[in-house]
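**Student:** Please see the structure below; I have some questions.
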Amino acid sequence: MKKISIIPFLFFAMFCFSQKKTIYYNEAMTKISKEYFENQLDNTRNLHLAFESDSLITNVLVKRKNYGKLSEPVFKQLKKSLSETNSFDKNLIIIMYYPGEDPCNHREENSRRGFHVRPYLKKLKKINSYEHFWVYKSYGQLQYYHPDEINWQPDKEQTLEKLFFNYHYPCSSFVVLDKEGNYICYYGESGLDKVFEFSKELTKKRLSSHFK
11 MKKISIIPFL FFAMFCFSQK KTIYYNEAMT KISKEYFENQ LDNTRNLHLA
61 FESDSLITNV LVKRKNYGKL SEPVFKQLKK SLSETNSFDK NLIIIMYYPG
111 EDPCNHREEN SRRGFHVRPY LKKLKKINSY EHFWVYKSYG QLQYYHPDEI
161 NWQPDKEQTL EKLFFNYHYP CSSFVVLDKE GNYICYYGES GLDKVFEFSK
211 ELTKKRLSSH FK
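Per this note's numbering, the sequence shown runs over residues 11 to 222.
Next comes the structure, spelled out in structure tokens:
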């Protein structure tokens, strides 16, 4: 049987990959240079998301902290997706969102992190009254995220994904809403201090400039 060398095929594959066009966008979805993109990278302010097709690699800076307000019908739909029996009479709704397995949460040590639900919820209660939900898109590796302490529930009909989490942001994300549907959403991994910070911000109503 005639032997066929795979080396030419490997070179061809590498050549094709190297020919992919790479483009960059800032937080406002304005096309920018690679150099400017790299200079703007700031993990405290934005995330770097990359999307690859057969011929194109698209790099996007995504703002981590986002403000918004849901219309009354949409807010009602969101609450129904979270619970059909809850009266939602508390001042805040806090939602932790788990997107599914990725390099950030693909590890068993997450289950050994020093996280305890009761002290966290007790501290939140000192800020304001709240309803708290833990929602997942995909169950992959969720067994390492304290299922013995947390009542995880699926994102019914992808309601949260469509409203707040259009992309797979690494690790997890969260959103805090007040009774009027004003919200602060934060993408990607963060400490619980961010949840406390944004809960206080919504409670103190320092939001007028963000919703004009």
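Beta carbons are placed, not taken as given, at the ideal position from N, Cα and C, and that holds for glycine.
For clarity, every value in this text was computed on a predicted model and none was experimentally measured.
Which of helix, strand or coil does DSSP assign to Thr54?
**Tutor:** coil
**Student:** Is the beta carbon of Ile42 closer than 8 Å to that of Thr68?
**Tutor:** Cβ atoms of Thr68 and Ile42: not closer than 8 Å.
**Student:** For Lys214, is the classification buried or exposed, using 16 other Cβ atoms within 10 angstroms of its Cβ as the cut-off for buried?
**Tutor:** Exposed.
**Student:** Rounded to a whole number of angstroms, what is the C-alpha to C-alpha distance between Asn246 and Asn192?
**Tutor:** No statement about residue 246 is possible, as the shown extent of the chain runs from 11 to 222 and does not include it.
**Student:** According to DSSP, is Lys215 helix, strand or coil?
**Tutor:** In the structure shown, the three-state DSSP call for Lys215 is coil.
**Student:** Pick out whichever of Leu66, Ser63, Asp64, Ala38 has its Cα sitting closest to the Cα of Asn223.
**Tutor:** Lying before the first or after the last residue shown, residue 223 is absent from the chain, which here runs from 11 to 222.
**Student:** Is the beta carbon of Leu102 less than 8 Å from the beta carbon of Leu212?
**Tutor:** yes
**Student:** Within this structure, are the beta carbons of Pro109 and Lys147 separated by less than 8 Å?
**Tutor:** yes
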